[in-house]
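Using the working numbering, the letters of the sequence shown map in sequence onto residues 1 to 323. By construction, the Cβ of each residue, glycine as well, lies at the ideal position given by its N, Cα and C atoms. In this text the structure is predicted, and so the values were computed from the model without any measurement.
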Amino acid sequence: MPGILVYALHYEGAINKNSLGAVTEAARLAGELGSEAHAVVVGESIPDELAGSLGNYGVSKVYRVEAPEGLAQPVVDAMAKIMEGNGHEYALFGGGLLGFEIGAGLAARLNAGVTMEVTSVRVEDGKLAAERPILGDSSISLSRYKDRGIIIGRLNAFEAKESGSGAASVEDVQVELSPWSTRAKMVQRGEQRGADVNIEDADVLVAGGRGLGKPEGFQLAEELAQALGGAVAATRAVVDAGWYPYAAQIGQTGKTVAPKLYVAAGISGAIQHKVGMQNSENIVAINKDANAPIFEFSDLGIVGDLNKILPKLTEALKARKGS
Ligand SMILES: Cc1cc2nc3c(=O)[nH]c(=O)nc-3n(C[C@H](O)[C@H](O)[C@H](O)COP(=O)(O)OP(=O)(O)OC[C@H]3O[C@@H](n4cnc5c(N)ncnc54)[C@H](O)[C@@H]3O)c2cc1C
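Structure below.
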C-alpha cells in the first residue's frame with residue numbers, strides 16, 4: 001500500500017531544496033514502513049524531466065497536476081484527491097509558509113491529524129511518530145496519528161540526499177478544483193532581500209533588532225556582515241514590521257542557528273529569540289540599555305548606540321583587511 005505522499009514545491013525550473021529534503025525523508029520512512037513514497041508537483045506545464053528528477057531522491061512515482069502555481073488551495077485539492085484515491089496514509093512537507101498553509105487545509109479536508117514545525121520523524125510499531133520541539137525548544141512533544149497524518153517539517157529540518165535511483169515515473173492527474181481554490185490569483189512573485197543566503201550555513205551572522213530604528217537601519221548590519229564575510233539575520237519584531245524578510249528570522253518561530261560568531265545589534269534578548277541563537281559559539285551584543293537581557297547570555301557586551309558602534313566596527317575591519 002502506498003504510504004507517504006510528499007509535496008515538492010518548484011520555483012523557476014528547480015525543485016526547492018527544502019522540498020528535496022522532505023522527499024528524501026519520505027523515501028527513507030517509506031522504506032522503514034515497508035511501503036512506498038510518492039511525490040506530487042502542482043503547477044503550469046511542469047516538464048517531465050523536472051518531475052521525474054524527484055526519483056533521484058528516492059520516490060518511485062510523481063503525480064503531476066496542472067493547476068495555477070504558487071497557491072495553497074489547488075494543492076490541497078490535488079493532494080486530497082490523490083491521497084483518497086490511492087490510500088496514502090501520510091502527507092509530508094518541508095517547512096515554509098506555503099507548506100503550513102497547504103498542510104493545515106489538507107488536515108481539515110481529510111480530517112487528519114497535523115503536526116507542524118517537526119524536526120524528526122521515526123517509525124514506531126509500523127506507524128509514523130513526529131517530534132516537535134515545544135516551550136521555546138526546551139521540550140519535545142511526540143505526535144502519533146490515529147488515522148491519516150499530515151507532517152510539516154521545520155524549515156530545512158530534513159536533509160536532501162540523492163539516492164541514485166534514477167528518474168521516477170510521472171503520472172498526470174486531472175483534478176477538479178474547488179470553486180474557492182480559484183478565487184485567489186498569483187499577482188507577483190519575487191525574491192526577498194537576503195533570500196540568496198542560507199543563514200543556517202553562515203559562520204558569521206549579524207542580527208538586527210528593533211534598535212536599528214527603521215528598515216534602512218539594516219544597511220549598517222549588512223555592511224558589517226559584508227566586512228565579516230557573514231550574513232544578516234533578524235528578530236521577529238522587525239520581520240513582523242516588514243523591515244526584513246522572514247527568511248532571516250531567528251528564534252522560536254524562525255530559524256535555529258549556531259554560527260561561530262553572532263553579533264546581536266539592537267536586540268533585547270527575548271526568550272523566543274534566544275532559543276534560536278543560544279548555541280552560537282560567540283555572542284557579541286550591542287545594546288544601549290546595560291540591563292538588556294541579551295547581556296545575560298553574551299560572551300561580549302557593548303553598551304552604547306549601535307548607530308555609532310556598527311560603522312566603527314565595519315570601518316576597523318575594512319582597515320585591517322586593507323593593511
Ligand atoms: C509566540 C511567540 C513567538 C515568538 N517568536 C519569535 C522569534 O522566533 N524570534 C524573535 O526574535 N522573537 C520572537 N518573538 C518576539 C519576542 O518576544 C520579542 O518581542 C522580539 O524578539 C523582540 O525583538 P527585538 O529585540 O528586535 O525588539 P525589542 O525587544 O524592542 O528590543 C530592541 C532593543 O534595542 C535596543 N536599542 C534601541 N535603540 C538602540 C540603539 N540606538 N543602539 C543600541 N541598542 C538600541 C533597546 O535597548 C532594546 O533592548 C515571539 C513572541 C511570541 C509571543
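Do GLY103 and VAL114 come within 8 Å of each other at the CB atom, strictly closer than that value?
Against the sequence shown, residue 114 aligns to sequence position 114. Against the sequence shown, residue 103 aligns to sequence position 103. Cβ distance < 8 Å, so VAL114 and GLY103 count as in contact.
Is it buried or exposed, TYR11, if we count other Cβ atoms within 10 angstroms and call 16 or more buried?
As a first step, residue 11 must be located in the sequence shown, where it is residue number 11. Under this definition TYR11 is an exposed residue.
Within a Cβ cutoff of 7 Å, which residues of the same chain sit near LEU98, ignoring the five residues on either side of it in sequence?
The residue you call residue 98 lines up with position 98 of the sequence shown. Result list for LEU98: LEU9, ALA72, in chain order.
Just checking ASN279 against ligand 1 - is the residue's beta carbon closer than 7 Å to any of the ligand's heavy atoms?
For the purposes of this step, residue 279 is taken as the residue at position 279 of the sequence shown. Result no, Cβ not under 7 Å from ligand 1.
Cβ of THR253 versus every heavy atom of ligand 1: is any distance shorter than 7 Å?
By one-based count along the sequence shown, residue 253 stands at place 253. Indeed, a heavy atom of ligand 1 lies less than 7 Å from the Cβ.
Endpoints, alpha helix (DSSP H) assigned at GLU315:
Reading the sequence shown from its first residue, position 315 is the one you call residue 315. Note, GLU315: alpha helix (DSSP H), 306 to 322.
For ALA202, does the three-state DSSP call read helix, strand or coil?
Here residue 202 refers to the residue found at position 202 of the sequence shown. Reduced to three states, the DSSP call for ALA202 is coil.
Can ILE250 be considered in contact with ligand 1, in the sense that its beta carbon sits closer than 7 Å to one or more heavy atoms?
As a working note, residue 250 is residue 250 in the sequence shown. Yes.
In chain order, what residues of the same chain lie with their CB nearer than 7 Å to the CB of ALA80, ignoring the 5 residues before and after it?
By 1-based counting over the sequence shown, the position of residue 80 is 80. Answer for ALA80: LEU106, ARG109, LEU110, listed in chain order.
Please classify TRP180 as buried or exposed, where buried requires at least 16 neighbouring CB atoms within 10 angstroms.
In the sequence shown, the residue the question calls residue 180 occupies position 180. When all chains shown are included, TRP180 counts as exposed.
Whole runs of the alpha helix (DSSP H) within the region 235 to 282, excluding any shorter than 4 residues:
236 to 240, 271 to 277
Under the three-state reduction of DSSP, which class applies to ILE82: helix, strand or coil?
Within the sequence shown, the letter at position 82 stands for residue 82. Three-state DSSP puts ILE82 in a helix.
Per-residue DSSP class, three states only, for PHE93
One-based indexing of the sequence shown puts residue 93 at position 93. Of the three classes helix, strand and coil, the one that applies to PHE93 here is strand, per DSSP.
Have a look at HIS38, LEU135, GLY31, GLU69 and flag the residue whose alpha-carbon is nearest the alpha-carbon of PHE93.
Translated into the one-based positions of the sequence shown, residue 93 becomes position 93. The option with the nearest alpha carbon to PHE93 is HIS38.
Heavy atom of ligand 1 less than 7 Å from the Cβ of THR235, yes or no?
Along the sequence shown, read from residue 1 onward, the residue named residue 235 stands at position 235. It does: the Cβ of THR235 is within 7 Å (strictly closer) of some heavy atom of ligand 1.
DSSP state of GLY153, grouped into three classes?
By one-based count along the sequence shown, residue 153 stands at place 153. If DSSP states are grouped into helix, strand and coil, GLY153 belongs with the strands.
Can you check whether the CB of GLY58 is closer than 8 Å to the CB of SER169?
For the purposes of this step, residue 169 is taken as the residue at position 169 of the sequence shown. For the purposes of this step, residue 58 is taken as the residue at position 58 of the sequence shown. No.
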